[in-house]
Amino acid sequence: MNWITNYVRPRINSLFSRREVPENLWTKCPECGTMLFHRELSDNLNVCTNCDHHLAITPRARFAALFDGGAFVEVKVPEPIADPLHFRDQKKYPDRMKAAQKSTGEKEAMLVAEGEMGRTPVIAVGQDFSFMGGSMGMYVGNAIIAAAERAVQTGKPLVLFSAAGGARMQEGILSLMQMPRTTVAVKMLKEAGIPYIVVLTHPTTGGVTASYAMLGDIQIAEPNALICFAGPRVIEQTIREKLPEGFQRAEYLLEHGMLDRVTHRKALRDELISILRMLTGQPAPTRADLPAPEPATTEA
Amino acid sequence: MVYLDFEKPLADIEAKAEELRAMARKGEGAVDVEKEAAALDAKAQQMLGELYASLTPWRKTLVARHADRPHCSDYVQALFTEFTPLAGDRAFGDDHAVMAGLARFNEMPCMVIGHEKGNDTKSRIHHNFGMARPEGYRKAIRLMDMAHRFGLPVITLVDTPGAYPGKGAEERGQSEAIARCTMKCLEIGVPLVSVIIGEGGSGGAVAFATANRIAMLEHSIYSVISPEGCASILWKDAEKMRDAAEALRLTAQDLKKLDVIDRIIPEPIGGAQRDPAAAIAAVGVEIGAMLAELSGMKPADLIRDRREKFRAMGAHALAA
Ligand SMILES: [Zn+2]
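Protein sequence lines correspond, in order, to chains R and W.
If you read the first sequence in the working numbering, its first letter stands for residue 13, the second for the next number, and so on.
If you read the second sequence in the working numbering, its first letter stands for residue 27, the second for the next number, and so on.
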């Protein structure tokens with residue numbers, strides 16, 4: 013079984029990738045307004061160098077920084093039926109998909125990768141908010157199941173970075189069914205004794221939080237990430253009162269007992285390595301940006 | 027009788043028939059008034075049959091939410107004996123949107139769990155319109171766990187617009203509670219059957235309906251989002267709910283084609299609200315049939331059956 017589709021070195025790859033070359037070389041920090049040079053911003057993992065605001069980061073860029081030497085292999089995700097409901101709103105669903113694929117250079121809203129970080133083998137799953145709001149449809153469900161299966165098969169821990177507005181409405185009930193489907197995947201991990209760590213990033217809302225994104229052994233969030241089931245606007249409309257400052261943000265959830273930790277993006281890698289090595293009974297890590305392992309070590 | 031907007035012509039005919047009979051009772055009007063009224067009845071009945079044979083998805087949504095439709099407590103009262111409500115999540119409170127407890131179904135002890143919407147202003151507020159808070163899901167988790175330990179089948183009756191979007195509900199972990207409840211459904215080694223009796227609203231419904239067998243009443247709905255919500259997001263206009271209801275394929279008929287549900291339970295002509303007793307009896311028959319299909323299965327097989335069922339979902343598309 014060939015589960016490896018391609019072997020990529022994203023740091024090199026990224027120089028040529030469409031989405032990594034912004035038309036505008038400057039990005040304005042939405043929080044403090046500072047103009048950030050794109051190179052400087054990406055070197056800083058898309059965290060504002062002035063105010064520490066965490067801007068969105070794609071799974072590919074995140075994985076490039078996460079894995080040793082930026083090297084990882086993609087885990088193949090089974091293709092679901094395209095547009096199973098023949099959904100049409102103001103646009104046709106296949107047209108929305110094509111537009112998202114064109115603007116992101118990605119096939120879908122989730123990337124599953126296998127590699128080593130700090131010489132610690134790991135399966136990583138990244139949800140891509142830039143692809144139709146990271147919405148959860150059949151593909152995302154298939155990706156999580158594929159990741160869990162691979163983790164169980166190899167005994168490697170699984171780290172999932174969530175980012176989604178919720179369900180993919182264009183897949184109707186089948187998007188809703190990804191809640192139980194992905195929960196089956198989490199169940200597989202738990203029964204196999206595989207550590208499952210969730211890193212919630214801004215924003216993670218709706219059915220995604222009400223399934224796999226809230227079922228980690230350890231729940232970490234990036235600073236100020238919006239994490240909720242019902243969005244603040246819906247709640248304000250329902251209860252007709254103003255919500256408190258910081259409501260549904262990572263720090264608020266931490267204070268209410270819903271998270272284990274809130275961790276700065278730049279501290280995340282070391283923290284994950286440390287936790288994973290403890291959970292899997294390995295010796296203390298070597299803390300350095302290690303070169304990529306030999307490709308052979310990641311072969312199945 | 028509460029009439030829906032699209033039932034207006036029907037309401038007119040039925041009102042006319044009633045008017046004729048009222049006149050007859052007072053001794054006014056012609057001798058053959060009953061004959062005329064009966065003719066109107068027949069016309070109304072025919073119209074009712076035609077209307078309900080071709081309900082659009084949006085009309086089904088309205089029927090699924092109909093105030094006179096039998097609710098969870100009606101089913102529990104009629105189909106179960108010795109219902110013993112059990113309350114509380116042992117952490118924060120008791121959620122009145124979720125009614126649950128021990129009961130007997132055809133003599134067999136079981137656990138029944140469902141959303142209750144209430145049927146007048148006071149009871150609707152008491153039951154929070156069937157919108158559960160984390161405590162409701164945590165109560166269900168606790169009781170499903172108990173059912174598992176004592177080998178009791180679990181029967182869930184789903185009727186909710188969705189989980190409650192409130193400040194406290196979010197602070198106390200609405201999403202975590204729903205996720206855990208869905209996971210609990212996947213863990214229990216006892217038969218779990220679910221009937222969507224009205225509205226199957228999003229994650230709030232899934233948390234109870236991750237079952238071995240799922241049935242829907244003929245005019246109930248089950249959806250990832252309400253048609254109004256979908257319309258306001260995708261059409262940027264909540265008034266486009268008819269289009270959204272169409273696009274979402276939220277009817278029992280479409281969900282059966284997608285293999286998301288197993289059975290469609292026929293409703294009386296004119297919907298469950300026209301003849302609640304008949305609708306309730308039909309649901310009872312189907313619950314019995316679903317439990318019979320699962321009887322004799324070992325705990326591990328029941329768990330496997332449930333997981334494989336959900337893993338396999340999405341294998342079929344609908345015809346264009
Ligand atoms: Zn800034």
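Ideal Cβ positions, reconstructed from N, Cα and C, are used throughout, including at glycine.
Given the structure is predicted, the values throughout are model-derived calculations rather than measurements.
Under DSSP, GLY226 (chain W) takes part in a beta bridge, and its partners are W:THR186, W:TYR248. With a threshold of 7 Å, the Cβ atom of GLU43 (chain R) counts as near ligand 1, since some heavy atom of the ligand is closer than that. Under the Cβ distance rule, LYS283 (chain W) does not count among the residues neighbouring chain R, no pair being separated by less than 8 Å.
Where LEU186 (chain R) is concerned, the enclosing alpha helix (DSSP H) starts and stops at 184-188. For the region 243-266 of chain W, residues whose beta-carbon sits nearer than 9 Å to a beta-carbon of chain R comprise TYR248, SER249, VAL250, ILE251, GLY255, CYS256, ALA257, ILE259, LEU260, TRP261, LYS262, LYS266.
In terms of Cα proximity to ALA343 (chain W), the closest of W:LEU320, W:ASP285, W:ASP331, W:GLY314 is W:ASP285. Taking the CA atoms as reference points, GLY45 (chain R) sits about 52 Å from ILE139 (chain W).
Shortest gap from the CB of CYS63 (chain R) to any heavy atom of ligand 1: under 7 Å. Between ligand 1 and THR46 (chain R), a heavy atom-to-CB distance of less than 7 Å is present. With a cut-off of 7 Å, the C-beta of CYS60 (chain R) is classified as near ligand 1, since at least one heavy atom of the ligand falls inside that distance.
PHE173 (chain R): member of the beta strand (DSSP E) spanning 170-176, first to last residue. Listed along chain R is no residue with a C-beta nearer than 8 Å to that of GLY162 (chain W); the closest approach is about 13 Å.
Counting only Cβ-Cβ distances below 8 Å, VAL196 (chain R) has contacts in chain W at LEU212, ARG333, PHE336, ARG337, in chain order.
Between MET157 (chain W) and TYR190 (chain W) the beta-carbon gap is near 4 Å, inside 8 Å, which marks them as a contact.
Along the region 232-254 of chain R, going in chain order, the ones with a CB nearer than 7 Å to a CB of chain W are CYS240, PHE241, ALA242, VAL246, ILE247, THR250, ILE251. If you look at LEU123 (chain R), you'll find it in the beta strand (DSSP E) that goes 122-129.
Look at HIS141 (chain W) here: in three-state DSSP terms it is strand. Here ALA204 (chain R) is not bridged, per DSSP, to any residue.
The beta carbons of GLN260 (chain R) and GLU196 (chain W) sit closer together than 8 Å. Rounded to whole angstroms, ASP140 (chain R) and TYR248 (chain W) show a C-alpha spacing of 28 Å. Chain R places a beta carbon closer than 8 Å to that of MET209 (chain W), counting this residue as a contact. Fewer than three Cβ pairs drawn from the region 198-216 of chain R and the region 180-187 of chain R lie within less than 8 Å of each other, which leaves the two stretches out of contact.
The region 92-99 of chain W and the region 249-269 of chain W do not touch, with fewer than three beta-carbon pairs separated by less than 8 Å. Close to ALA205 (chain W), with beta-carbon spacing below 9 Å, are these residues of chain R in chain order: MET191, THR195, VAL198, THR221, ALA222, SER223, TYR224, ALA225, MET226, LEU227. Against chain W, the CB of PRO207 (chain R) has no partner CB under 8 Å away; the residue lies outside that interface.
Taking 8 Å as the cut-off, the beta carbon of HIS141 (chain W) is found no closer than this to the beta carbon of THR87 (chain W). The straight-line gap separating the alpha-carbon atoms of GLU108 (chain W) and CYS136 (chain W) is approximately 10 Å.
Looking from the CA of ASP171 (chain W), the closest CA among W:HIS152, W:GLU213, W:GLN200, W:ILE151 belongs to W:GLU213. Between GLY177 (chain R) and GLY149 (chain R), the gap from beta carbon to beta carbon reaches 8 Å or more. Here ILE135 (chain R) carries a strand assignment [DSSP, helix/strand/coil].
Here ALA237 (chain R) has LEU212, THR213, HIS214, ALA262 as same chain residues with Cβ atoms under 6 Å from its own Cβ, once five neighbours each way along the sequence are excluded. Here GLU293 (chain W) has LEU243, GLU244, HIS245, ALA305 as same chain residues with Cβ atoms under 7 Å from its own Cβ, once five neighbours each way along the sequence are excluded.
Note on VAL311 (chain W): under 16 other CB atoms within 10 angstroms of its CB, so exposed under the neighbour-count rule.
Closer than 8 Å to the CB of ASP107 (chain R) there is not a single CB belonging to chain W.
If you draw a straight line from the Cα of ARG168 (chain W) to the Cα of PRO192 (chain R), it comes to about 19 Å. If you look at ALA241 (chain W), you'll find it in the beta strand (DSSP E) that goes 239-243.
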